[in-house]
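Numbering (our numbering), first residue to last: 12 to 295.
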Amino acid sequence: MKREDEFVSSKLARFTDRVVSLAQKAVVGEPDPAYEEGENGYADWVIVAIHGLREYLDHTYRRLLDVLHEMHGIVAKLDLAVADLPDFTTVCARKQDLEMRIWRVLLRLSAELHDLGDVQAIDATGMDRIAASQHYAKRTNYTFEAVKTTLLSDCKTGAILDIHCSMKQPHDSKIGWQMVKRNLDKLNILTADKGYDWWLLRQRLRAEGVKPVIKHREFGWHGIANNFLQDDTIYHQRSNAESTFFALRRKYGEIVRARTWFGQFRELVLKCAVRNIELSVSHS
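Next up, the structure:
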């Protein structure tokens, strides 16, 4: 029988293979060499893959690089020698320099690792943030203690298809259409709670061939009747979106640690991509 540490190592190796492959695809054109002397330094895909490993292993930057110095096999999958590993300060600083596009492409590619079902769900929650400095808070009108985070997820696999983050409190229905129109090719049936009750959203979904199963607000008999006619079996699959939020918090932490709003968005997109990759590894 395999020892447990051998199984964990095998799972980590498979995760590393996939995060490296997706990171290379997420950058523009042919992937650069992992490391080059001079100005080029470390390729973008190497930095992205290391950040994926950091989220997966739940280490600080300094701790992660210490651990990787003892994991020659994992480092080799990054096409690096242990002696060539970047300093943890380099890994941290380079994350902010990478375009948001790269992190979003990584998320999209990670969702494509899954065979999606017929029902998708959309839901929102607040992800807590660490306190910013008083100077930054005043300069950026930093008023909310949580990032409003909306996820579009697949009810069969739990894969996260898209994410929307906001420092303000926009209405759910408007965010819903913004996310839906980016992912129409992945949607068959969309279920959501009454926060997404907007006649125009339903109309647009039907026009695109997507069946809306969205709870109506019960302001009168019209709303009550429409809710009565809905397929409860489909609607209650919406709870899978809540389970996805719970899993994200439990595995990758309840607090967003980046100080800047754009850093927080990148952090949340990366968490979702890592979640998708980990699910695909667990099911393979």
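Glycine residues also receive a C-beta, built at the ideal position from the N, C-alpha and C atoms.
Predicted model only: the values in this text are computed from it and were never measured.
- For serine 164, the number of other beta carbons within 10 angstroms of its own is at least 16, and it is reported as buried.
- Under the 8 Å Cβ criterion, the segment 272–287 does not count as touching the segment 186–195, having fewer than three qualifying pairs.
- Put simply, the backbone Cα of arginine 105 is about 14 Å away from that of tyrosine 46.
- Scanning its chain for C-beta atoms nearer than 6 Å, with the 5 sequence neighbours on each side dropped, one finds around glutamine 131 the residues Asp165, Leu198, Leu201, in chain order.
- Leaving aside the five residues that flank leucine 91 on each side, the residues in its chain whose CB is nearer than 8 Å to its CB run, in chain order, Ala45, Tyr46, Val57.
- Secondary structure of glycine 52 (DSSP, three-state): strand.
- Per DSSP, the beta-bridge partners of aspartate 173 are Leu163.
- Between leucine 109 and aspartate 55, the gap from beta carbon to beta carbon is short of 7 Å.
- Threonine 255 is positioned such that its CB atom lies no closer than 7 Å to that of glycine 128.
- Residue state for alanine 45 is assigned as coil, using DSSP reduced to three classes.
- Residue pairing of glutamine 131 in beta bridges, as defined by DSSP: Asp165, Leu201.
- Straight across, the Cα-Cα distance linking aspartate 242 with phenylalanine 273 is about 39 Å.
- Cα atoms of serine 293 and arginine 29: separation of roughly 12 Å, rounded to the nearest angstrom.
- Bounds of the alpha helix (DSSP H) holding lysine 88 are 83–88.
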